[in-house]
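Numbering (the working numbering), first residue to last: 273 to 379.
We put the CB at the ideal spot given by N, CA and C, even for glycine.
Okay, so here's the structure we're looking at.
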Amino acid sequence: MSTLLTISDLKVAVESPNDGWHEAISNVSLHIDRGETVGLVGESGCGKSLTALSILGLLPHPGVRQRAGRIWFDGKEIDCASDADFRSLRGKRIGYIPQNPMSALNP
Numbered sequence: 273m274s275t276l277l278t279i280s281d282l283k284v285a286v287e288s289p290n291d292g293w294h295e296a297i298s299n300v301s302l303h304i305d306r307g308e309t310v311g312l313v314g315e316s317g318c319g320k321s322l323t324a325l326s327i328l329g330l331l332p333h334p335g336v337r338q339r340a341g342r343i344w345f346d347g348k349e350i351d352c353a354s355d356a357d358f359r360s361l362r363g364k365r366i367g368y369i370p371q372n373p374m375s376a377l378n379p
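Now the structure itself:
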C-alpha cells in the first residue's frame, strides 16, 4: 500500500497568560496507508483534537502553535502549506469529526 498520511515528531505548544508556553503534544508520530481507517482515542485532554487540528492546519491562533515536526499528506508536506492549499484538502480529501458532532453540526 502507499502512504497517505505521515506525522513525524509533532510538537504543539499552548500559551498560558501567566506562565508562557507549555508543550501540549510531544513527539507524536504516525503513519497511515491508503485504505486504512484510523480513529484517535485517549483520555480527555490527551491531545487528540490538537493532533487532528494540526493535520488540518486549524490550530486556534495565537495561543496554540505547532513548534516542531512534519506532516505529509499524499506525499506533500502540508504543515507549512498555504491557506489555499489547505482549503483544497479540507472536506474533499481529509476531514474532521468533532467529539460531539450532533451539537457541532446543529444549525
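Q. Cβ atoms of Leu328 and Tyr368: under 8 Å apart, would you say?
A. yes
Q.
According to DSSP, simplified to helix, strand and coil, what is Ile279?
A. strand
Q: Can you give me the Cβ contacts of Ala324 inside the same chain, cut-off strictly under 8 Å, excluding the 5 residues immediately before and after it?
A: Leu312 and Tyr368
Q | Val310 classed as buried or exposed, judged by whether at least 16 other C-beta atoms fall within 10 angstroms | A | exposed
Q. Would you say Val284 and His294 are within 8 Å of each other, going by their C-beta atoms?
A. no
Q. Quick one: Cα of Gly363 to Cα of Asp291, how far?
A. 36 Å
(Q) Whole angstroms are fine: how far does the CA of Asn372 sit from the CA of Gln338? (A) 25 Å
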